[in-house]
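222 is the number of the first residue of the sequence shown in this note's numbering; add one for each residue after it.
Ideal Cβ positions, reconstructed from N, Cα and C, are used throughout, including at glycine.
Keep in mind the model is a prediction, meaning the values are calculated, not measured.
Reading through the structure tokens given below for one structure.
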Amino acid sequence: MKKVLIALLVVLVIGAVAVVTCPDRQAHKDAIMAVVNESINDELGTTDPESQGLSAIFGSIGSSVAGYFIENRLTVNNHFVFSTGELRDLDGENKRVSVGVFGHVFTFDKEDLKEAVNGE
């Protein structure tokens, strides 16, 4: 009986920690923006010193547009012990792009995020 109580107490403590550390909307937005910025940098990446300034400008503009898009189309569902982030694509369908638990947000890879934005 003592082992059962200890196991129940451990499960309750883990559940309480999960509830307290469940990521919020801002954490999902930050994680998704990190993937978007990485994708933009990969697309604009160049080794030519003369083109790096132009790449930085276009990267900044792309990041701003992506941030606005994500801000307006991101929905975060809180399930008490974990949360999910969904982006509404251009067709109006919601696609899950992130899952958050224990204070960390796990995002899908760059290709899946592009598909969610483009509605493919």
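- When the beta-carbon positions are compared, A248 and G313 stay at least 8 Å from each other.
- Relative to F290, the option among S304, D310, G306 whose CA is nearest is D310.
- Between the alpha carbons of M222 and A228 lies a gap of roughly 10 Å.
- Between V302 and A239, the C-beta gap is smaller than 8 Å, which places the two residues in contact.
- Within the same chain, Cβ atoms closer than 6 Å to the Cβ of N298 are found at T305, the five residues on either side in sequence being excluded.
- Using a Cβ distance threshold of 8 Å, L295 and K250 count as a contacting pair.
- The criterion of a C-beta distance shorter than 8 Å is satisfied by V257 and A287.
- The alpha carbon of I235 has as its nearest neighbour, out of E292, S285, G324, the alpha carbon of G324.
- Listed in chain order, the non-local C-beta contacts of E332 below 6 Å within the same chain number zero, local neighbours out to five positions each way being set aside.
- The continuous beta strand (DSSP E) containing G321 extends over residues 315–322.
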